[in-house]
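Under the working numbering, read the sequence shown as residues 35 to 284, first letter to last. Positions of the beta carbon are idealized from the N, C-alpha and C atoms, including for glycine.
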Amino acid sequence: MSDQEKSTEAALRVCWTLNKHQKPFSDSEIVKECMLAVVTSLFEEKKGVVSAIQSIPLSARSNTRRTRILAADIKNTLLKLLQKAPCYAIALDESCDIVDDEQMSIFVRFLDIEGQIFREELLAILPLKGNTRGEDLFKVIDEFITKSNISYDKMVSLSTDGAPAMIGKKKGVAKRIRDKNSGLISYQCIIHQAALCGKLSATLKEVMNSLVKLINFMRSHSALQHRHFKEFLSECDSAYSDLLQHNNVR
Numbered sequence: 035m036s037d038q039e040k041s042t043e044a045a046l047r048v049c050w051t052l053n054k055h056q057k058p059f060s061d062s063e064i065v066k067e068c069m070l071a072v073v074t075s076l077f078e079e080k081k082g083v084v085s086a087i088q089s090i091p092l093s094a095r096s097n098t099r100r101t102r103i104l105a106a107d108i109k110n111t112l113l114k115l116l117q118k119a120p121c122y123a124i125a126l127d128e129s130c131d132i133v134d135d136e137q138m139s140i141f142v143r144f145l146d147i148e149g150q151i152f153r154e155e156l157l158a159i160l161p162l163k164g165n166t167r168g169e170d171l172f173k174v175i176d177e178f179i180t181k182s183n184i185s186y187d188k189m190v191s192l193s194t195d196g197a198p199a200m201i202g203k204k205k206g207v208a209k210r211i212r213d214k215n216s217g218l219i220s221y222q223c224i225i226h227q228a229a230l231c232g233k234l235s236a237t238l239k240e241v242m243n244s245l246v247k248l249i250n251f252m253r254s255h256s257a258l259q260h261r262h263f264k265e266f267l268s269e270c271d272s273a274y275s276d277l278l279q280h281n282n283v284r
């Protein structure tokens, strides 16, 4: 491996680590500065090491380009594993982000033949333009599945929310996918019904309101109490290191 290839591999590893920890690409320059400081402190013969570190391209623009390369490689690897799987199940979620752009998230669960383990992965986030009727959603999904060379025959189940565009009897996404695979099992997410049950039940509603008030008091009224509570959770080896925040189901 040439020196240039080694520098490129090092830059990709740094970019991967920054992405894994959700850090901005501009932090790569700080990473390089830290590496130079460590080398200066630990090694006496540091000239060659310093030169090698300085040759690593770690600009924000370079990291953006490398992130696209890494994302494409991960996607291709995932699709190859999925194509080899004997069967798979998908879950669909249509949502609108903070700038009002509609998008379709596709999650997949399948048996990794090579690793002999079940994998659950985010397969794709597809942009939606124009209308979001059942036929529009299915068209986007069908184009992705066809382009990715994924077989409908291997799809064993589909999970969606209760929106008419998803579960409509004539033009819903589930109906159109079932036309491709008549043996498909379709599930409807029950989190909305569970949330509604919690609101309608007097007992559950009272418990939830009490918990929300307690957590809000701990988080907003006393920073000292909050710190003490986190220390208490740590001493108890709790599965959670902090108070969980309540989030309404939309």
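State the CB to CB distance for the pair residue i and residue j, rounded to an integer number of angstroms; the pair is presumed to be in contact (CB under 8 Å).
| i | j | result |
| --- | --- | --- |
| L112 | Q137 | Contact flag wrong, Cβ pair sits at about 19 Å. |
| K205 | G164 | Wrong, their Cβ atoms sit about 16 Å apart, outside the cutoff. |
| M189 | N215 | 6 Å |
| I201 | Q222 | 6 Å |
| D127 | D195 | 7 Å |
| L70 | V84 | 6 Å |
Are residue i and residue j touching if we call contact CB-CB under 7 Å?
| i | j | result |
| --- | --- | --- |
| K118 | I147 | yes |
| S191 | I219 | yes |
| A123 | R153 | no |
| L171 | V207 | yes |
| C49 | N110 | no |
| L115 | I140 | no |
| S275 | L267 | yes |
| S193 | A125 | yes |
Could you name the residues of the same chain whose beta carbon sits closer than 8 Å to that of residue i, not counting the 5 residues immediately before and after it, in chain order?
| i | result |
| --- | --- |
| I179 | Y186 |
| A86 | D37, K40 and S41 |
| K80 | V73 and T74 |
| D61 | L52 |
Whose C-beta lies closer than 6 Å to the C-beta of residue i among residues of the same chain, with five residues either side of it excluded?
| i | result |
| --- | --- |
| L46 | R100 |
| E39 | none |
| I108 | none |
Just list the residues that DSSP pairs residue i with in beta bridges.
| i | result |
| --- | --- |
| T194 | Q222 |
| A158 | I140 |
| E128 | M138 |
| L145 | F152 |
| Y122 | F144 and M189 |
So, at 7 Å on beta carbons, what are the nonlocal neighbours of residue i in its own chain, with the 5 sequence-adjacent residues on each side left out?
| i | result |
| --- | --- |
| K203 | K209 |
| R253 | H260 and L277 |
| G217 | none |
| A44 | I90 |
| R102 | none |
| F77 | V83 |
| I184 | L116 and Q117 |
**Asked** Three or more C-beta pairs closer than 8 Å, one from the region 250-266 and one from the region 230-242: is that the case here?
**Response** No: fewer than three Cβ pairs fall under 8 Å.
The region 59-69 in contact with the region 80-95 per 3-pair CB rule at 8 Å: The region 59-69 and the region 80-95 touch, with no fewer than 3 CB-CB distances between them shorter than 8 Å.
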